[in-house]
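Colleague: To convert, count from 1 in the sequence shown and add 7; that's the working numbering. Positions of the beta carbon are idealized from the N, C-alpha and C atoms, including for glycine.
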Amino acid sequence: MKKTAFLFLLILISTILNSNPIPLEQALQTAKNVLSESDQILNISRSSDHTPELSSLSNNQIYIFNGENKKGYVIISNSDAAFPVLAFSSSQSFSGETIPPALRQFLDFYSAQIEEIETNKLEKTAEISSAWEKYSQADFVPERNRDVAEPLVKSLWNQCKYYNAMCPEDPGGVDGHVPVGCVATAMSQIMHYHKYPIQGTGSHGYYSNYGYQEANFAAATYNWDNIPNYLTDYNDDLAQLGYHCGVSVDMNYGTDGSGSYTENVVYALNQYFDYNNDIAICYKEDYSEEEWKNILKENLDQNLPMEYSGSGEYGHAFICDGYQGNDHFHFNWGWDGLFNGFYYLDNLNPRTSTFNNWQAAVINIYPNHLPEVNFEASYTNVNIGSPVDFTDLTLYTPYDWTWNFPGAETTESNLKNPTGIVYSEPGDYDVILSATNRLGTNSLTLENYIHVADNFAPLASFTLQDSIIKSDQSIILYDNSLNSPTSIEWKFSVNGNEFEPEYLNGTDQHSQNPEISFPVAQPYHISLSATNDSGTDETEKRAIYAGGLPLPFIEDFEIPLQLDAWETESEDDYISWDGVYFVDGNGPGAKSIGLNFYAYEDIGEKDRLISPLLNFTNKTDITLSFMHAYANRIPAKNDELEILISSDAGVTWESIAVLSDNSDENFATHAPTNNRFFPASENDWADVYSFSLDNYQNMPDIKICFQTLNDNGNCLYLDKIRITASDITEKEPSEYNPNNISVNSYPNPFILSRHQGSTISYSLPKATPVEISVYNIKGQKVKQLANENNRSGNHQIYWNGKDDNNQPLSSGIYFYKLKTPKTTSANKMLIIK
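As structure tokens, then:
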């Protein structure tokens, strides 16, 4: 089914500008065009049908649009006196935490620019007019060759728990330690990107508020392969790196924040970590706009991220690591990935912070080391005509590559990772790679690396369209096998037992890209075997979850939402469940999901936090539990938390409970406060709430929703969400009794037009012959399902709604009978077409 893209609109409130406003239709068209162009550049697939859904507030200032499925956002000016696009991201959605105070600072800064134009009656620049003309056209054609440097830094780090484990101890700090400091965090992320050095040089120490801080860099080993892009547990290697970076820049440690000067990074990287002498700090005010952008782009074109800094109400150090076109630069803010995206340099306004003033960049950060060239091929035993992909593994930040493939149809490439290299003649072939970085060029030749023949066995490989699907959803499997298989076979199993799905649209188990559906909501394993005249290869099995993830379900919010499977929905598409926060008192694991009621100015806004798809099939005694922390701001005002459940994958919802200080429950866990509430101890958390979900036992396609209603309260936090259950089983009788046979079917009724069938489940107290047949309402047998000896215990058999001639039966009532030598059990079943 074709997806329809939605652009959700938010119009923020501020003072009205006197410049010419931009109509909604023009702003919408501009947003669509910007997202379209970013998709072309970054190879993002997105639907072209956009049906906007408008939520409008008065006193329009700027427009914020989220892209299809909230993938990507763009902020559009509501004045033709400024550039049309203020900020955008191609991947993340925009869900800002608060409106005041920093966002207002941004709007004031923005308004001041407009006021200067109007007061001095300055003409709009040709560049601004050209940008509006270009991006607001209905027949806009995206530029596919526009300058672009994709974001370089993949790490999503922050300064607190896990990362600060070796920083000075302080009982007032997160997890008993002070923060790493933003200067050291950005510095360590860039070093992790370069994976350099293995060992440092010399040592350094200084006196701080926590005594003498010292690091012996020469004695340390930096195990880059053991440092991940995100932490969910303690990691000594990363904790050491963060602390050593902090010591190297004379970090002023403190519980509320650890600070240093970005200038210190230059000396520290050069003297203690062997980065090249070219490293320098530059200040934006010393250059023209074009000169400054060119400095940044020159570094990024050579794959060199920069440590960047700016100030507003406070200063912050972060990373500039990508750009699109001449004006938009990508920033990694060091906040667990929150609000990483592309921004104008005079609109650095992530979250509710503003860093437009006193901008500086540490440039030319690269290791004092020539490239250490290495590469690998997707496979080295290649059949004639089969494509080979190559991956560069060169260390120390190359930015230019020259590949040579003697004997291949394509003999040269300048791509980092060339694909689809084909050899048409048998033989053994060399591969040569030369890689260049700032210090020079090195080469590697792997002799006789690629072996080409016509008798190599295939290499089986496949990808899934999705791994968590609704119970009635079909999916397509994609065969990517190499070495020219002449036949393939898809195999499926449940708990180690072979299983046959339903193949759709003329496909079968030998189709290259079959479309399939599953009759029963449960986990399946899929494997693929590929065969040619030289042999057979089979992939590892991969899991697919029909009907949702199985129970138990456990969520502690220890990773960012963008790395997790939760969804968020917001009526204003701005303030929402926007991320995970470090808080105290919630036991092991220092993070929780949070929503900032404190930021709302209008009451009545609803925000939803929606779970992944869950499967309650064959489960009973189902219990939902969670903990929460909340403080009121105005005693007469009461925010609400409503728990909802859906049994149709989120199409419709039913309320389980509503929690507020107006209900029977005491919702607030902390005394009212006019300050923004953060849990500080166990006393700030409520006892665990528990709710029975047994009304939904034995059902697939379940989603749980935590919906809030704003009434000018304060911040709300959730943690330790658990959904537990017991299996539906029959107790083993002490002695045989034919009446102990238990039989049921699910789903009942079932819908043939959805390719549904029904699974008949039965339990036998002892081994016995079993016959299972289906009869129509006239008593005529239409299908025999089983006639065999069964062991004792639980059994299942699936019926696809077809008769013994494999023809679909008509709608109506049917009876399935289970017969043993000592008993017969008959049950009704309804088929709907």
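#1: By the DSSP assignment, the beta strand (DSSP E) with residue 732 in it spans what residues?
#2: In the DSSP assignment, find the unbroken alpha helix (DSSP H) run with residue 255 in it and report its ends.
#3: Which term fits residue 838, buried or exposed, when burial requires 16 or more other beta carbons within 10 angstroms of its beta carbon?
#4: Taking the straight line between their C-alpha atoms, what separation do you get for residue 543 and residue 534?
#5: DSSP three-state call for residue 83: helix, strand or coil?
#6: Below 8 Å on the Cβ atoms is my guess for residue 476 versus residue 523; work out the distance and round it to an integer in Å.
#7: Report all residues from its chain with a CB closer than 8 Å to the CB of residue 506; omit the five preceding and five following residues, and keep chain order.
#8: Can you give me the C-alpha to C-alpha distance between residue 629 and residue 767, rounded to a whole angstrom?
#9: Just to confirm, are residue 648 and residue 698 a CB contact at a threshold of 8 Å?
#10: Below 8 Å, can you find three or more Cβ-Cβ pairs linking the region 275 to 290 to the region 367 to 375?
#11: In the DSSP assignment, what residue or residues form a beta bridge with residue 635?
#12: Candidates 554, 774, 464, 403: which alpha carbon is nearest residue 480's?
#13: Tell me where the beta strand (DSSP E) around residue 527 begins and ends.
#14: Buried or exposed: where does residue 266 fall if 16 or more other Cβ atoms within 10 Å of its Cβ makes it buried?
#15: Looking at C-beta atoms only, is the number of pairs between the region 391 to 405 and the region 484 to 500 that lie closer than 8 Å three or more?
#16: Just to check my reading of the structure: residue 185 and residue 165 have Cβ atoms closer than 8 Å, yes? What is that Cβ distance to the nearest angstrom?
#17: Could you tell me whether the region 782 to 800 touches the region 821 to 839, where touching means 3 or more Cβ pairs closer than 8 Å?
#18: Assuming residue 610 contacts residue 719 under a Cβ cut-off of 8 Å, what Cβ separation, rounded to an integer in Å, is found between them?
#19: In this structure, how does DSSP classify residue 775 when only helix, strand and coil are distinguished?
#20: Go ahead and label residue 260 buried or exposed: buried means 16 or more other beta carbons lie within 10 angstroms of its beta carbon, across all protein chains shown.
#21: Confirm, please, whether the CB-CB distance from residue 277 to residue 370 is below 8 Å.
#22: Under a three-way DSSP split, which group does residue 846 fall into?
#23: Based on Cα-Cα distance, which residue from 509, 345, 619, 353 lies nearest to residue 922?
#24: Is residue 307 helix, strand or coil by DSSP?
#25: For residue 651, tell me which candidate among 674, 139, 617 has the shortest Cα-Cα distance.
#26: Any idea if residue 829 is buried or exposed, counting beta-carbon neighbours within 10 angstroms, 16 or more meaning buried?
#27: With contact counted as at least three CB pairs below 8 Å, one residue from each stretch, are the region 631 to 642 and the region 705 to 723 in contact?
#28: By the three-class DSSP mapping on this structure, what secondary structure does residue 365 have?
#29: Please confirm whether residue 372 has its beta-carbon closer than 8 Å to some beta-carbon of chain B.
#30: Is residue 622 near residue 709, with beta carbons less than 8 Å apart?
#31: State yes or no: is the C-beta of residue 289 within less than 8 Å of the C-beta of residue 367?
#32: Between which two residues does the beta strand (DSSP E) containing residue 471 stretch?
#33: Give a yes or no on contact between the region 381 to 390 and the region 456 to 472, applying the rule of three or more CB pairs nearer than 8 Å.
#34: With a threshold of 7 Å on Cβ separation, who are the neighbours of residue 310 within its own chain once the five nearest residues in sequence on each side are excluded?
#35: Out of 478, 573, 549, 517, point me to the one whose CA is closest to residue 529's CA.
#36: Could you tell me the distance, in whole angstroms, from the CA atom of residue 316 to the CA atom of residue 268?
Modeller: In short:
#1: Per DSSP, residue 732 belongs to the beta strand (DSSP E) from 723 to 734.
#2: 243 to 255 is the span of the alpha helix (DSSP H), which, as asked, contains residue 255.
#3: Label assigned to residue 838: buried.
#4: A straight line joining the alpha-carbon of residue 543 with that of residue 534 spans about 13 Å.
#5: Here DSSP, grouped into helix, strand and coil, assigns residue 83 to strand.
#6: Distance from residue 476 to residue 523 at the Cβ level is roughly 10 Å; contact not present, criterion being Cβ atoms closer than 8 Å.
#7: When the five nearest sequence neighbours on each side are left out, the beta carbons in the same chain lying within less than 8 Å of the beta carbon of residue 506 are those of 499, 500, 531, in order along the chain.
#8: Cα-Cα distance, rounded: 22 Å.
#9: No, these two residues do not count as a Cβ contact at 8 Å.
#10: Output reads yes: the region 367 to 375 touches the region 275 to 290.
#11: Answer is 725.
#12: Selected option, being the one with the closest Cα: 554.
#13: No residue range can be given for residue 527, since it is assigned to no beta strand (DSSP E) and is classified by DSSP as neither H nor E.
#14: Buried.
#15: In this structure the region 391 to 405 touches the region 484 to 500; the number of beta carbon pairs closer than 8 Å is three or more.
#16: Wrong, their Cβ atoms sit about 13 Å apart, outside the cutoff.
#17: By the Cβ criterion, the region 782 to 800 is in contact with the region 821 to 839, since at least three pairs of Cβ atoms, one from each stretch, lie closer than 8 Å.
#18: Going by Cβ atoms, the distance from residue 610 to residue 719 rounds to 6 Å, so yes, they are a contact pair.
#19: If DSSP states are grouped into helix, strand and coil, residue 775 belongs with the strands.
#20: Around the C-beta of residue 260, 16 or more other C-beta atoms lie within 10 Å, and the residue is accordingly described as buried.
#21: No, the pair does not count as a contact, with Cβ atoms beyond the cut-off.
#22: Residue numbering for the chain in the displayed model covers 8 to 840; residue 846 lies beyond these limits and cannot be assessed.
#23: Absent from the model: residue 922. The displayed extent of the chain is 8 to 840, so no value can be given.
#24: DSSP, read as helix, strand or coil, puts residue 307 in helix.
#25: Residue 651 has its Cα closest to that of 617, out of 674, 139, 617.
#26: Answer is exposed; the Cβ neighbour count stays below 16.
#27: Segments in contact, yes.
#28: The three-state secondary structure of residue 365, taken from DSSP, is strand.
#29: Here there is only one protein chain, and chain B is not present.
#30: Contact flag set, yes.
#31: Their beta carbons are under 8 Å apart, which means residue 289 touches residue 367 by this criterion.
#32: Where residue 471 is concerned, the enclosing beta strand (DSSP E) stretches over 469 to 471.
#33: Short answer: they touch.
#34: If we look at residue 310 and ignore the five residues flanking it on each side, its Cβ neighbours are 159, 404, 406.
#35: Ranked by Cα distance from residue 529, the options 478, 573, 549, 517 are led by 478.
#36: Straight-line measurement puts the Cα of residue 268 at about 9 Å from the Cα of residue 316.
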